[in-house]
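Novice: Input: one structure, supplied below.
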Amino acid sequence: MLERARPESAGVAHERILTFMHRLEEEKLCMHGFLMVRSGRTIAEGHWKPFYVKIQHRLDSSTKSFVSIAIGILIGENKLRLEEKVMSFFPDVEKGTAYIRM
Numbered sequence: 001m002l003e004r005a006r007p008e009s010a011g012v013a014h015e016r017i018l019t020f021m022h023r024l025e026e027e028k029l030c031m032h033g034f035l036m037v038r039s040g041r042t043i044a045e046g047h048w049k050p051f052y053v054k055i056q057h058r059l060d061s062s063t064k065s066f067v068s069i070a071i072g073i074l075i076g077e078n079k080l081r082l083e084e085k086v087m088s089f090f091p092d093v094e095k096g097t098a099y100i101r102m
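Number 9 in the working numbering belongs to position 9 of the sequence shown; there are no gaps in the numbering.
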């Protein structure tokens, strides 16, 4: 779990966060919740009924977005190269036993 901090300690005015939350409600966007992180610390969090922090959500296709972000970070930190074969990360899987379905 990330350390929690006041928004101002991370350079964010709490009034701006409240404005953001009110705007979400005004626009009637289907938000279940949000988590705002700055400099590795949680500075704001909100949830809308009937959803709450412990409820499980189906992610479906949004998983691709999270994976692409993680890959971008790894490439930026020189921990991954696009030229690397995916199979190199799974040495216990026999070559030729997997297939790609599109």
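Glycine included, C-beta positions come from ideal geometry on N, C-alpha and C.
For clarity, every value in this text was computed on a predicted model and none was experimentally measured.
Identify whether LEU29 lies in helix, strand or coil by the three-state DSSP scheme.
Specialist: coil
Novice: Can you tell me whether ALA44 is buried or exposed? The criterion is at least 16 other CB atoms within 10 Å of its CB, across all chains shown.
Specialist: buried
Novice: Taking the alpha-carbon positions, what's the ARG132 to ILE17 distance?
Specialist: No answer is possible for residue 132: the residues shown for the chain start at 1 and end at 102.
Novice: Below 6 Å CB to CB, which residues in the same chain sit around LEU106 once its five sequence neighbours on both sides are set aside?
Specialist: Missing from the structure shown is residue 106; the chain here goes from 1 to 102 and no further.
Novice: Figure out for me which residue from VAL86, MET31 and GLY46 has the closest Cα to the Cα of HIS14.
Specialist: GLY46
Novice: Taking DSSP as the reference, what is the three-state secondary structure of PHE111?
Specialist: Because the chain in this structure spans residues 1 to 102, residue 111 falls outside the shown range and cannot be described.
Novice: CA-CA distance, VAL105 and THR19?
Specialist: Lying outside 1 to 102, the shown extent of the chain, residue 105 is not represented and no answer is given.
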